[in-house]
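Note that the sequence shown ends on residue 432 in my numbering; no numbers are left out.
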Amino acid sequence: MTGTAEPLGEYPMQRWVFEDAVGRFDIDLGDSNMLPGRLDDLTLPAGLALDYGHDHGLRPLREAVAGLYGGSAESALITQGAQQALYLVYRTLLAPGSRVIAFRPGWQQSWDVPADLGCRVDLVGFRPDFGFDIEAAEAVAGPDVRLIVANSPCNPTGRRIADKDLDALLALARRTGAHLLLDEEYALDLSRSAALGEDRVISVSSLSKVYGFPGLRVGWLYAAPDLVERCNRHKFLSTISNSVLCETLALDVLADRERHLRAYRDLTGRGLGLVRDFARRNRDAVTLVEPEDTPFAWLWLTTGEQPLTMCRRALDEGVLLMPGETLGSGDGFRICFARPPEDVAEGLARVERVLRPPATAPAAP
């Protein structure tokens with residue numbers, strides 16, 4: 068499955084979360100991040116000066132991020148979440164007429180922003196097992212391709228890109244002279260990132276998803292130092308620098324990284340067990356795509372009902388899910404299980420009650 072993206076229009080996820088669902092749920096299984104952390108779980112040094120900090124990000128934080136990769140602080144740029152990091156890459160590398168290859172379902176920004184910048188965006192689907200369809204990407208690639216965007220592990224599929232597929236994308240980038248942008252928000256081990264030692268590869272991540280601190284709005288990109296400098300020029304023109312307060316708290320998160328990851332693995336392990344049981348009980352209605360270290364899973368909906376319709380009925384029962392239509396797919400939905408087990412269990416029980424469309428009433432005699 069391939070297609071092309073149009074310039075910015077409606078953003079279905081934004082409408083679903085911030086308009087349609089507001090005030091209508093008490094169990095959130097629709098988000099895509101670890102259970103949010105709390106301020107009192109972090110430590111601030113006394114006497115912190117709330118100055119401008121540094122346009123690249125505080126040096127200790129850049130060093131901590133570089134340490135995740137096993138690389139140099141000169142390759143790290145701290146941003147306002149991963150969203151800004153991705154935007155800076157698009158703004159820096161692309162120009163009107165550039166071609167971009169992205170995968171769908173996925174994060175809409177990866178095709179909307181390049182299209183809005185005047186680029187042609189070729190949208191490539193996944194194989195039936197949710198493997199990256201490299202053959203389809205190669206089929207649409209040409210000499211004017213400037214950027215290939217891949218998310219691994221993928222939101223919403225929960226699947227990592229296989230080593231052979233990553234090698235093929237790297238080869239495609241080298242052959243066409245493109246950069247490969249890897250959205251690695253859900254990668255637990257960034258020391259294995261292809262951005263290490265590859266000048267054409269950019270890695271983006273943050274503290275929002277795995278660590279559970281989206282409110283800090285701290286993300287980063289890791290790339291060749293010259294590209295970091297080019298991206299930083301665009302960052303400076305929009306935000307100058309990040310919040311010193313948030314960056315200092317982010318440094319505390321990374322200093323205690325192993326504890327946060329243990330909590331993540333414990334919570335997602337218990338939640339995934341409940342989702343597996345749910346999928347087994349309802350195998351005639353849903354099919355689970357086994358996630359790879361993500362806090363969510365993708366479920367094919369096999370009842371014949373549109374995911375958005377089913378998710379609206381779940382919302383009537385006070386449960387927020389993420390319909391596939393908000394992520395570029397009309398045949399499934401995403402469910403987050405990085406929540407207290409009792410909330411996951413109750414939410415799944417409610418979804419189970421509304422999973423199948425209501426029977427049509429018999430006609431009056």
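Cβ coordinates follow ideal geometry from the N, Cα and C atoms, glycine included.
Predicted, not measured: the structure shown is a model, and the values here were computed from it.
Coarse secondary structure for residue i, derived from DSSP in three states
{"i": "Thr393", "result": "helix"}
{"i": "Val89", "result": "coil"}
{"i": "Trp178", "result": "helix"}
{"i": "Leu368", "result": "strand"}
{"i": "Thr243", "result": "helix"}
{"i": "Arg194", "result": "coil"}
{"i": "Ser142", "result": "helix"}
{"i": "Arg82", "result": "helix"}
{"i": "Thr315", "result": "helix"}
{"i": "Ala238", "result": "helix"}
{"i": "Ala217", "result": "strand"}
{"i": "Leu355", "result": "strand"}
{"i": "Arg259", "result": "helix"}
{"i": "Pro210", "result": "coil"}
{"i": "Leu321", "result": "helix"}
{"i": "Asp122", "result": "coil"}
{"i": "Asp98", "result": "coil"}
{"i": "Ala189", "result": "A quick correction: the sequence has Asp, not Ala, at residue 189. Strand, per DSSP."}
{"i": "Leu106", "result": "helix"}
Terminal residues of the beta strand (DSSP E) in which residue i lies
{"i": "Leu248", "result": "246 to 250"}
{"i": "Asn309", "result": "Run containing Asn309: none; DSSP gives neither H nor E here."}
{"i": "Val271", "result": "268 to 273"}
{"i": "Gly148", "result": "Not the beta strand (DSSP E): Gly148 falls in the alpha helix (DSSP H), residues 148 to 160."}
{"i": "Gly399", "result": "399 to 403"}
{"i": "Ala169", "result": "166 to 170"}
Rounded C-alpha distance that separates residue i from residue j
{"i": "Arg267", "j": "Arg420", "result": "49 Å"}
{"i": "Leu415", "j": "Phe345", "result": "7 Å"}
{"i": "Leu355", "j": "Asp200", "result": "20 Å"}
{"i": "Leu117", "j": "Arg129", "result": "18 Å"}
{"i": "Asp333", "j": "Asp383", "result": "30 Å"}
{"i": "Gln147", "j": "Leu321", "result": "16 Å"}
{"i": "Phe404", "j": "Ser396", "result": "20 Å"}
{"i": "Gly340", "j": "Leu233", "result": "29 Å"}
{"i": "Ala182", "j": "Gln175", "result": "11 Å"}
{"i": "Trp367", "j": "Pro408", "result": "22 Å"}
{"i": "Val84", "j": "Gly371", "result": "24 Å"}
{"i": "Arg242", "j": "Ala217", "result": "17 Å"}
{"i": "Gln151", "j": "Gly286", "result": "8 Å"}
{"i": "Phe197", "j": "Ile168", "result": "17 Å"}
{"i": "Arg348", "j": "Phe363", "result": "19 Å"}
{"i": "Glu392", "j": "Trp178", "result": "15 Å"}
{"i": "Pro172", "j": "Arg226", "result": "12 Å"}
{"i": "Met389", "j": "Asp360", "result": "19 Å"}
{"i": "Leu106", "j": "Tyr331", "result": "17 Å"}
{"i": "Ile307", "j": "Leu288", "result": "16 Å"}
{"i": "His327", "j": "Ser219", "result": "20 Å"}
{"i": "Leu236", "j": "Ala131", "result": "28 Å"}
{"i": "Asp250", "j": "Ile215", "result": "11 Å"}
{"i": "Thr369", "j": "Ala352", "result": "5 Å"}
{"i": "Ala203", "j": "Arg82", "result": "31 Å"}
{"i": "Ala88", "j": "Phe303", "result": "35 Å"}
{"i": "Tyr136", "j": "Asp398", "result": "36 Å"}
{"i": "Leu239", "j": "Gly164", "result": "19 Å"}
{"i": "Glu314", "j": "Leu283", "result": "8 Å"}
{"i": "Gly104", "j": "Ala381", "result": "26 Å"}
Delimiting residues of the alpha helix (DSSP H) encompassing residue i
{"i": "Ile228", "result": "Element bounds for Ile228: n/a, residue is neither H nor E."}
{"i": "Thr376", "result": "374 to 383"}
{"i": "Asp333", "result": "324 to 348"}
{"i": "Arg126", "result": "126 to 136"}
{"i": "Asp200", "result": "Asp200 -> no alpha helix (DSSP H), and no H or E assigned at all."}
{"i": "Ala412", "result": "408 to 421"}
Neighbour flag for residue i against chain B, beta carbons, 8 Å
{"i": "Thr224", "result": "Structure shown: chain B not included; a single protein chain is present."}
Identify every run of the beta strand (DSSP E) within the segment 282 to 309, keeping only runs that are complete inside it and at least 3 residues long; order them along the chain.
-> 285 to 289
Any contact of the segment 140 to 147 with the segment 294 to 306, i.e. 3+ C-beta pairs under 8 Å?
-> yes
For the 8 Å Cβ check, are there 3 or more pairs between the segment 270 to 283 and the segment 119 to 126?
-> no
Any contact of the segment 248 to 256 with the segment 84 to 98, i.e. 3+ C-beta pairs under 8 Å?
-> no
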